[in-house]
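Under the working numbering, think of the first position of the sequence shown as 396, with each following residue one higher. From the three backbone atoms N, C-alpha and C, an ideal C-beta is built for every residue, glycine too. Some notes on the structure that comes next.
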Amino acid sequence: MDYSKQIQDIAAKLFAEGKIDVFVGYRMNGFDDNQVPVVINDPKEVPALVFTEKSVFNLSNYLKADHTRNKRVGLVVKGCDSRSLNLLLTESQVKRDNLYIIGIACEGVVDEKGQKMQNCIECIVPDAVVYDEMLGSPRGKKDYIVNADIAGLAVKGLVERREYFEEIFDNCIRCNACRHSCPLCYCAKCCIDQETATIYNGSNTASSAFHALMTWSLHLAGRCVDCRNCEKACPSHLPRIFCINRTRR
Ligand code: SF4
Ligand code: SF4
Ligand code: SF4
Ligand code: SF4
């Protein structure tokens, strides 16, 4: 899966025709073979754009940033990214007329060890669902697979489940990186923000982490698209079992 050249050609054309102000894509990080998101507003930077199975991040998250808000934006979306973009459109957070969307018929992305991501193994809607043009051959919808971790947790009793989550949340440092990396968390004032939410009184205890992450999970229930942007952002490597509430929109 390498659409780098096609994406460079499309972005160059959009800039040349004056159809976009910025382009949101991926570029190499400059020190190994991994990639980072990039927001381009100078056409001279277009040759740096890449897209391969290392293009792991969900770029729809950048539509909530100041440098794209109310601008004409070109961007690349895989299947899961396009579903969060669809929700942002549904929830009136972005205007469809301001977007030029390059959809990917996605073959899956890999982690830093080159292993296919678990959400990609379980992905049931790999093709972009909203786009202006599609790259790749659509693969269609696949049968739903219950996540093995969730299936294992579902058969446990309530006390065991609580203990399981307490152990996980004990490692949370309340940095909010997960919430900031989630495209579907765009509230100007977030109710789980440790610094501003009066409910926590600035505390960073295990119980406040438990409360905040469970609240966060509920705010994503039925909306989470299983892109794992939050998992990639977490410095404590918390497993995302508590936020896998997949939607197939
Ligand atoms: S979850 Fe699906 S659409 Fe998203 S990167 Fe993986 S295979 Fe592609
Ligand atoms: S909660 Fe995580 S996996 Fe779900 S949409 Fe947000 S960033 Fe993606
Ligand atoms: S956790 Fe809830 S309140 Fe905070 S940004 Fe996300 S949806 Fe909004
Ligand atoms: S990114 Fe990880 S450590 Fe930071 S608040 Fe989220 S779960 Fe906790």
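Contact belief for residue i with residue j at Cβ below 8 Å, rounded distance in angstroms
i	j	result
GLN488	TYR581	6 Å
LEU633	CYS567	6 Å
SER477	VAL524	5 Å
ALA572	CYS629	6 Å
VAL445	MET423	6 Å
LYS508	VAL520	Going by Cβ atoms, the distance from LYS508 to VAL520 rounds to 25 Å, so no, they are not a contact pair.
ALA500	ARG534	6 Å
LEU615	LEU482	With a Cβ gap of about 10 Å, LEU615 and LEU482 do not count as contacting.
CYS622	ARG635	That pair is no contact at about 10 Å.
LEU530	TYR398	5 Å
PRO438	PHE452	Actually they are not in contact, since the Cβ atoms of PRO438 and PHE452 sit about 22 Å apart, beyond 8 Å.
LEU409	ILE415	5 Å
DSSP state of residue i mapped onto helix, strand, coil
i	result
ASP492	helix
GLY509	coil
ILE435	strand
GLU528	strand
ARG618	coil
MET609	helix
TYR539	coil
ALA583	coil
GLY498	strand
VAL520	coil
VAL441	helix
ARG643	With a pLDDT of only 41 at ARG643, under the threshold of 50, the placement of this residue in the model should not be trusted, and no figure is reported.
Pair within 9 Å by beta-carbon distance, residue i and residue j
i	j	result
ASN514	CYS475	yes
GLN646	SER455	The structure shown has nothing for residue 646, since the chain only spans 396 to 644.
ASP522	GLY498	yes
ASP565	ALA604	yes
THR463	VAL419	yes
ALA607	ILE587	yes
ILE435	ALA406	yes
Start-to-end residues for the beta strand (DSSP E) that takes in residue i
i	result
VAL471	468–472
PHE418	417–423
Beta carbon proximity, residue i to chain D, threshold 9 Å
i	result
VAL445	In summary, chain D is missing from the structure at hand, where a single protein chain is found.
Start and end residues, alpha helix (DSSP H) containing residue i
i	result
VAL554	553–564
SER399	399–411
HIS575	572–576
LYS627	624–628
Ligand 6 heavy atom lying under 8 Å from the CB of residue i
i	result
LEU579	This structure lacks ligand 6; its bound ligands are ligand 1, ligand 2, ligand 3 and ligand 4.
Pair every Cβ in the region 502–516 with every Cβ in the region 456–463, then say whether three or more of these pairs are closer than 8 Å.
-> When Cβ pairs closer than 8 Å are counted between the two stretches, the region 502–516 is seen not to touch the region 456–463, the count staying below three.
Touch check for the region 464–473 and the region 492–505: three-plus C-beta pairs under 8 Å?
-> As far as the Cβ criterion goes, the region 464–473 touches the region 492–505, which means the pair count is three or higher.
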